[in-house]
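What follows is a short report on a single structure.
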Amino acid sequence: MLIVQKYGGTSVGTLERIRAVAERVKRTAAGGNSVVVVVSAMSGETNKLIEMAQSFSKMPPTREMDMLLSSGERVTCALLAIALTEMGNEAIALTGRQAGILTDSVHTKARIEAIPSAPVMEQINAGKIVVIAGFQGVTRNGEVTTLGRGGSDLTAVAIAGAIRADLCEIYTDVDGVYTTDPRIEDRAKKLATISYDEMLELASMGAKVLQNRSVELAKKLGVKVVTRSSFNENEGTVITSEEGCMEKPVVSGIALDKNQARVSLIGIADRPGIAAEIFGALSNASVNVDMIVQTVGQDGKANLDFTIGATELDQTKYALEGFGAALGRQEFDDSVAKVSIVGVGMKSHSGVASLMFESLAKENINILMISTSEIKISVVIAKKYGELAVRTLHSVYELDK
Ligand code: ADP
Ligand code: ASP
Ligand code: MG
Numbered sequence: 044m045l046i047v048q049k050y051g052g053t054s055v056g057t058l059e060r061i062r063a064v065a066e067r068v069k070r071t072a073a074g075g076n077s078v079v080v081v082v083s084a085m086s087g088e089t090n091k092l093i094e095m096a097q098s099f100s101k102m103p104p105t106r107e108m109d110m111l112l113s114s115g116e117r118v119t120c121a122l123l124a125i126a127l128t129e130m131g132n133e134a135i136a137l138t139g140r141q142a143g144i145l146t147d148s149v150h151t152k153a154r155i156e157a158i159p160s161a162p163v164m165e166q167i168n169a170g171k172i173v174v175i176a177g178f179q180g181v182t183r184n185g186e187v188t189t190l191g192r193g194g195s196d197l198t199a200v201a202i203a204g205a206i207r208a209d210l211c212e213i214y215t216d217v218d219g220v221y222t223t224d225p226r227i228e229d230r231a232k233k234l235a236t237i238s239y240d241e242m243l244e245l246a247s248m249g250a251k252v253l254q255n256r257s258v259e260l261a262k263k264l265g266v267k268v269v270t271r272s273s274f275n276e277n278e279g280t281v282i283t284s285e286e287g288c289m290e291k292p293v294v295s296g297i298a299l300d301k302n303q304a305r306v307s308l309i310g311i312a313d314r315p316g317i318a319a320e321i322f323g324a325l326s327n328a329s330v331n332v333d334m335i336v337q338t339v340g341q342d343g344k345a346n347l348d349f350t351i352g353a354t355e356l357d358q359t360k361y362a363l364e365g366f367g368a369a370l371g372r373q374e375f376d377d378s379v380a381k382v383s384i385v386g387v388g389m390k391s392h393s394g395v396a397s398l399m400f401e402s403l404a405k406e407n408i409n410i411l412m413i414s415t416s417e418i419k420i421s422v423v424i425a426k427k428y429g430e431l432a433v434r435t436l437h438s439v440y441e442l443d444k
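To convert a position in the sequence shown, counted from 1, into the numbering used here, add 43.
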């Protein structure tokens, strides 16, 4: 088999862990498989680099951020290749650029445009284990880019798609996808399978076990993804098409995103085009807007509330500065969190939303915003109630049974 294995930050967090990863890779290769490995930076490393940059500047140039952040993955991929070689394997470390990962030029959240299979397959065909630095690519002009936080998952899926690997294993510090974050609810249950669509909603709503764009790409390219632990031999969770899933419960999982901020524009000019201008400016500043609620105010004024990732607060404030008084009063609140319930079974069941709202009300948790999709209901609440909300809903929808 041709297998892509991705090891996340904790899996390569120390030299001992890198050695353990090398042993596992060696075993996989010894079983007659061709192996491509994608690694993250050592855990905490990317955050450390960001903090260093922020000690000089609140909004560091994004090109230079990519120069900086891409270094963490370079370290681990080289160390792993060295460890593998020492164990008697032929291994070669490649940066994103050397692996041919071509991206657009949106620094710090670049999108992959193309990956030729040749750079990796030439090494595989020469009998080598290829170790690729995750999370990074290169533009057509030779500039280094990174793929957004958690982006090594995307590297792994994209490479698996490009070389038509039989399997893409994502090794992390939990042994699969659970009904909710097992660090929040210890009664969370591991799922044997989950559909691409449910996983995409969970990942987009804050379950960081897989990066959302990697799930989107896996679905598009039909890459078979399994998440497993690098710390044990347990079977993981298979992410597959809906047909491949064993059961279709109404609610499959719950996600919590504490990295949210709410922006309220109170008393904006209520005229055609104002929303287009505001969200156009935010999009130009590469701010991702999630929920949007507009309410009619008085005297030709309206109120507009929306949520963004908390790390994009400064960019958002900056992008809105140009509007002056047209936006009315501006409020920014990063003491909020988003809780989401996800399940394909919701399509054919009624009363799922009302049960969610009733259960939160019983705990005296106030809902600030609501948004829904066919298979998801999200609410924005005060951050301090985020974990309580998750545990409450986990028990109400009987996910611990
Ligand atoms: P890595 O560094 O390996 O990429 P991450 O920290 O990005 O690992 O993702 C793994 C973490 O995701 C787990 O430690 C767990 O706390 C968290 N997590 C959140 N939601 C879930 C879920 N539904 N199932 C499993 N893990 C989850
Ligand atoms: N090191 C990067 C991050 O922390 C990418 C990754 O770990 O997937 O976001
Ligand atoms: Mg991750």
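Think of the CB as a built atom: it goes at the ideal place given N, C-alpha and C, for glycine as much as any other residue. None of these values were measured; they are calculated from a predicted model.
Cβ-heavy atom distance, residue i to ligand 4, below 7 Å
i       : result
Lys-251 : Ligands displayed in this structure: ligand 1, ligand 2 and ligand 3; ligand 4 is not among them.
Check whether residue i and residue j have beta carbons under 8 Å apart
i       : j       : result
Ile-418 : Gly-386 : yes
Leu-145 : Ile-135 : no
Leu-442 : Val-294 : yes
Met-44  : Leu-210 : yes
Val-445 : Thr-223 : Lying outside 44 to 444, the shown extent of the chain, residue 445 is not represented and no answer is given.
Arg-314 : Val-379 : no
Asp-229 : Arg-271 : no
Gly-139 : Ala-176 : yes
Thr-189 : Asp-109 : yes
Val-163 : Ile-125 : no
Val-330 : Ala-362 : yes
Ala-312 : Lys-344 : yes
Thr-71  : Val-78  : yes
Tyr-214 : Gly-51  : yes
Thr-151 : Thr-119 : no
Ile-321 : Val-382 : no
Ser-238 : Glu-285 : yes
Val-4   : Gly-204 : Because residue 4 is not part of the residues shown, which for the chain are 44 to 444, the question remains open.
Gly-115 : Met-95  : no
Ala-199 : Ile-46  : no
Residue i classed as buried or exposed, judged by whether at least 16 other C-beta atoms fall within 10 angstroms
i       : result
Asn-327 : exposed
Gly-193 : buried
His-437 : buried
Met-102 : exposed
Glu-401 : exposed
Asp-348 : buried
Gln-48  : buried
Thr-89  : buried
Asn-255 : buried
Thr-283 : buried
Ala-231 : buried
Glu-406 : exposed
Leu-245 : buried
Where residue i sits in the DSSP three-state scheme
i       : result
Arg-271 : strand
Lys-473 : No answer is possible for residue 473: the residues shown for the chain start at 44 and end at 444.
Met-95  : helix
Ile-424 : strand
Thr-138 : coil
Ala-63  : helix
Lys-69  : helix
Leu-190 : coil
Ser-416 : strand
Val-181 : strand
Ile-227 : coil
Ser-54  : helix
Range covered by the alpha helix (DSSP H) that runs through residue i
i       : result
Leu-234 : Taken as a continuous stretch (DSSP letters only), Leu-234 belongs to no alpha helix (DSSP H), as it is neither H nor E.
Ala-121 : 105-129
Leu-264 : 255-264
Ser-86  : Taken as a continuous stretch (DSSP letters only), Ser-86 belongs to no alpha helix (DSSP H), as it is neither H nor E.
Thr-435 : 429-439
Ile-321 : 317-327
Range covered by the beta strand (DSSP E) that runs through residue i
i       : result
Leu-210 : 210-215
Ala-203 : Element bounds for Ala-203: not the beta strand (DSSP E) but the alpha helix (DSSP H), 195-205.
Leu-243 : Not the beta strand (DSSP E): Leu-243 falls in the alpha helix (DSSP H), residues 239-247.
Gly-219 : Taken as a continuous stretch (DSSP letters only), Gly-219 belongs to no beta strand (DSSP E), as it is neither H nor E.
Ser-307 : 296-312
Thr-280 : 280-283
Ile-46  : 45-50
Val-339 : 332-339
- 4 or more residues per run - each alpha helix (DSSP H) lying fully within the region 148-179: 161-168
- Message: For a minimum of 4 consecutive residues, which ranges assigned as the alpha helix (DSSP H) are wholly contained in the region 342-412?
- Response: 356-364 and 395-405
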